[in-house]
Structure formats: C-alpha cells, structure tokens
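Numbering (our numbering), first residue to last: 22 to 128. One structure is given here, and the rest of the page talks about it.
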C-alpha cells in the first residue's frame with residue numbers, strides 16, 4: 022500500500038517486530054511503537070522531555086532529520102547513549118524512512 026511504510030523494531034529482549042505504519046496520520050516512531058504495544062515507556066507523551074523513548078537507529082542508509090537541541094540535550098544525559106541514539110518521538114514516519122530499523126534501548 023502506498024500510504025504505508027514498514028519499520029523494523031528490535032525490543033529489549035532481542036525480539037524483532039515488523040510494523041506496518043500508516044503515513045497519513047502524522048505519527049512518530051514512538052507513536053507506532055506504542056500502538057503496537059512494544060515496551061517503550063515514552064513518559065512525556067512525545068514532547069521530547071524525558072528520553073524514555075531512547076532507541077538506536079540500525080539503518081545507516083535511511084536519511085533522518087538532524088537532532089534538534091532538545092533531543093541532543095536529553096540524549097547527553099543518558100549513560101547508554103551511542104552515536105546512533107535517537108528519541109523515537111523525534112523520528113516522524115514519512116515515506117523517506119520506509120525500511121528503517123531500530124532497537125529500543127534498555128531502561
């Protein structure tokens with residue numbers, strides 16, 4: 022379907038989930054993980070205030086928007102951050118991220 026993309030999410034237990042994501046709803050990666058009831062806390066509801074939707078981007082060829090200052094600041098406070106760390110609430114589901122693969126960071 023042209024209004025849908027596929028995202029691969031690996032949860033904290035190493036299980037791989039293939040998520041079909043509608044594009045017309047303006048969802049973020051955090052929203053779709055919650056919709057599929059994956060173990061992502063996202064306490065602030067996607068306001069980029071808590072970093073509990075921390076994930077690692079495994080796809081190196083998918084173009085993602087640059088991290089904004091708020092996202093950079095939150096990630097800098099985590100002890101588990103890697104160079105591929107992102108907040109799932111800041112990755113919006115667009116046709117450009119079709120095939121994106123991410124791993125939910127452990128708590």
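We put the CB at the ideal spot given by N, CA and C, even for glycine.
About 7 Å separates the Cβ atoms of residue 52 and residue 67, confirming a contact at the 8 Å cut-off.
Straight through space, the alpha carbons of residue 126 and residue 78 are spaced by roughly 10 Å.
Under the three-state reduction of DSSP output, residue 93 falls in the helix class.
Taking the C-beta atoms as reference points, residue 41 is found no nearer than 8 Å to residue 62. Judged by DSSP in its simplified three-state form, residue 110 adopts helix. Annotation for residue 113: 49 place their beta carbon closer than 7 Å to its own, counting only its chain and skipping 5 residues before and after.
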